[in-house]
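Numbering (the working numbering), first residue to last: 294 to 781.
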C-alpha cells in the first residue's frame, strides 16, 4: 500500500548474524492474570523444553496483568530461581497491553508469546521461530485450523473459532487461518514499526496485528499445531467476541478510509543482493494492470448505462460528454484507491484535476469517433453507436493507463536518493573501542502519564533501519561454548 507521504520502508530480511553465546535470541512472553495455580508448572515445563531443544540462548518473561492473587509472588520466585526467567508487573489488564510492554522493551531479535495453559504442543516452538531467525518471514503463528493440525476441544469453541475466522475473511479479506491461537512470534525490527499502529490492548491485539501486517505485504508463516483445550480457561467468550467484532469494524473502517500508513512496513523486492541493485524496473506493473482492467471494465459498463440514460433526453454528443464526466470521476477515484494504492485525502483534488485532463483526451477520441460515424451515416443505429464507442474507449483506455501510471499516480518512493547518516566521531570512537557486539544498552524507557500505551519508546516509521545496530545478534549454543546456564 502507498500514500503520498511515505516515510520509508523496512530493510530487506536477513538471517540473524552470529554473536557471543549467552545473548538472548528469543524472548518468550507469558501474559498472566490470576494464574497462581498454572504459572509455576507452565514456566518450568517451558524452560525445560527450551533448555533441551532450543539451539540459541533464550529468555522467558512473565507479564503480570494486574493480578490480585499470589501470581506476582510466584513470578518473582521463579525469576529468582531460574536465570533465564524475568518478570514484569503491569497495573492494568489486557493481553495486548502486556505484549506491547514487553516486546517494546525487549532486546531479543525474535519475540514470541504463548498462553499460560500451554494448550499448544511445545514441539511447534522451534518451527515457529526458525523462519524468523533465518530471515524468511516477518511473523509466525500457530494454526489450529490447518489440515495437519490435531485439535481437541468442544463443539462450542470449535464453532466460535471457525465463525470468527470466516468473519475476518469476509470483512477484512484476511488470508491467515487462525487469528486467536495463543502461539505467535514476530521479528523485533518488524514489531518496532508495526506495534505503534495497533490500537487494541486486549484479545483483539493479535487479530489487528496480523491484519495490518498482511495488508502491508509482510510475510506470515503458519505452523500446524497440536492443541488441547483447557477446560478451566477463564476467558469470557461472549465479551471477548463482542470486543473482537468492534475491533473488526474499527480496523475495517480505518483500512477503507486509508488512515493507516501501511506503506512504511513494506519490504524491498527480493532478498537476493542482486535484486537490490536493479534500477529502473517497474514495480507492481502486473498487479496494476489487473486492477486497472477490472476498474476499466466496470467503468465502461457504468459509462454505457449512463450514455443510454442521457441519450433518451439529449443528443449523442451531450450524452457522451455527461457520461464520460461522471464515469471519469468514479474511474479516477477507483484507480487511485484500488489500482495504484494511494491512501488518504492528500492530493485527491489534484488527482481528480489530472484525471479530467485525461478525460479530455478520451472525450476527443470518442467524440471524434462519433463525428466520423455521423459523417459516414446520417442516422446510425444505436447499437452501431455503442460499438464505435466501445472501440474508441478501448483505445483511450490504453492511453489512460499510461498517463495514470506515469503522470497522475507516479511512484515517487524511490526517486530521492537515500540520505547518508551524519558521521559522529564520538560514537565511532566508542564503537571501535568496545567492538561491534558491546554497544552500550539504552536506558529503559518510561512512558509519560497519559500516553495511549504503557510502553512505546518509538513512533511509527522511526525504527526501521536501526535494526542492524541495536539488535542483539545470535549464535547457536554449542557444547564447547561458555554459557551462563552452565553455572547452575
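No residue lacks a Cβ here, since even glycine has one placed at the ideal position from N, Cα and C.
Mind checking residue i: buried by the 16 CB within 10 Å criterion, or exposed?
i: residue 440; result: exposed
i: residue 384; result: exposed
i: residue 399; result: buried
i: residue 542; result: exposed
i: residue 376; result: exposed
i: residue 458; result: buried
i: residue 586; result: exposed
i: residue 671; result: exposed
i: residue 323; result: buried
i: residue 598; result: exposed
i: residue 632; result: buried
i: residue 500; result: buried
i: residue 535; result: exposed
Between which two residues does the alpha helix (DSSP H) carrying residue i extend?
i: residue 460; result: 448-465
i: residue 341; result: 332-346
i: residue 601; result: 578-604
i: residue 478; result: Taken as a continuous stretch (DSSP letters only), residue 478 belongs to no alpha helix (DSSP H), being part of the beta strand (DSSP E) at 476-480.
i: residue 615; result: 609-627
i: residue 654; result: 641-669
i: residue 513; result: Counting along the chain, residue 513 falls outside any alpha helix (DSSP H), though it belongs to the beta strand (DSSP E) covering 513-517.
i: residue 293; result: A question about residue 293 goes unanswered here, because the residues of the chain that appear run from 294 up to 781.
i: residue 683; result: 675-696
i: residue 405; result: Careful: residue 405 lies outside any alpha helix (DSSP H), inside the beta strand (DSSP E) at 403-407.
i: residue 470; result: Per DSSP, residue 470 belongs to no alpha helix (DSSP H) and is neither H nor E.
i: residue 637; result: Counting along the chain, residue 637 falls outside any alpha helix (DSSP H), and DSSP gives it neither H nor E.
i: residue 307; result: It is not in any alpha helix (DSSP H) - residue 307 carries neither H nor E in the DSSP assignment.
i: residue 395; result: 388-398
Residue i to residue j, Cα distance in whole Å?
i: residue 616; j: residue 688; result: 17 Å
i: residue 388; j: residue 496; result: 6 Å
i: residue 491; j: residue 531; result: 23 Å
i: residue 668; j: residue 600; result: 20 Å
i: residue 686; j: residue 614; result: 13 Å
i: residue 676; j: residue 622; result: 26 Å
i: residue 467; j: residue 584; result: 19 Å
i: residue 514; j: residue 404; result: 14 Å
i: residue 761; j: residue 307; result: In this prediction, residue 761 scores a pLDDT of 38, lower than 50, which makes its location untrustworthy; no coordinate-derived value is stated.
i: residue 477; j: residue 703; result: 37 Å
i: residue 305; j: residue 558; result: 11 Å
i: residue 425; j: residue 347; result: 14 Å
i: residue 431; j: residue 381; result: 26 Å
i: residue 696; j: residue 651; result: 7 Å
i: residue 683; j: residue 700; result: 25 Å
i: residue 694; j: residue 537; result: 40 Å
i: residue 648; j: residue 690; result: 12 Å
i: residue 533; j: residue 516; result: 24 Å
i: residue 636; j: residue 396; result: 29 Å
i: residue 366; j: residue 332; result: 11 Å
i: residue 336; j: residue 378; result: 8 Å
i: residue 338; j: residue 521; result: 16 Å
i: residue 416; j: residue 342; result: 8 Å
i: residue 594; j: residue 618; result: 14 Å
i: residue 604; j: residue 659; result: 15 Å
i: residue 606; j: residue 596; result: 16 Å
Identify which residue in the options has its Cα closest to the Cα of residue i.
i: residue 419; options: 435, 461 and 410; result: 435
i: residue 498; options: 554, 393, 523 and 404; result: 393
i: residue 506; options: 517, 518 and 483; result: 483
i: residue 475; options: 465, 486, 674 and 454; result: 454
i: residue 642; options: 629, 546, 421 and 446; result: 629
i: residue 551; options: 342, 626, 451 and 409; result: 626
i: residue 503; options: 479, 309 and 371; result: 479
i: residue 470; options: 546, 438, 486 and 460; result: 438
i: residue 681; options: 634, 486, 638 and 609; result: 609
i: residue 580; options: 607, 605 and 634; result: 634
i: residue 461; options: 472, 661 and 452; result: 472
Quick test of your reading: residue i and residue j, contact by CB under 8 Å. State the CB separation rounded to the nearest angstrom.
i: residue 344; j: residue 442; result: With a Cβ gap of about 26 Å, residue 344 and residue 442 do not count as contacting.
i: residue 663; j: residue 678; result: 7 Å
i: residue 320; j: residue 352; result: 5 Å
i: residue 540; j: residue 493; result: 6 Å
i: residue 362; j: residue 329; result: 5 Å
i: residue 508; j: residue 555; result: 6 Å
i: residue 350; j: residue 326; result: With a Cβ gap of about 28 Å, residue 350 and residue 326 do not count as contacting.
i: residue 401; j: residue 481; result: 7 Å
i: residue 486; j: residue 303; result: 6 Å
i: residue 544; j: residue 666; result: The pair is not a contact, with the Cβ atoms about 51 Å apart (cut-off 8 Å).
Given 6 Å as the limit, tell me if residue i has its C-beta closer than that to any heavy atom belonging to the ligand PLP.
i: residue 366; result: The ligand PLP is not among the ligands present in this structure, which contains no ligands whatsoever.
What are the start and end residues of the beta strand (DSSP E) that includes residue i?
i: residue 251; result: The requested residue 251 is not part of the displayed model; the chain covers only 294 to 781.
i: residue 426; result: Looking at the DSSP string, residue 426 is not in any beta strand (DSSP E); the run it does join, the alpha helix (DSSP H), is 418-427.
i: residue 379; result: 378-383
i: residue 324; result: 319-325
i: residue 444; result: 443-445
i: residue 371; result: Careful: residue 371 lies outside any beta strand (DSSP E), inside the alpha helix (DSSP H) at 364-374.
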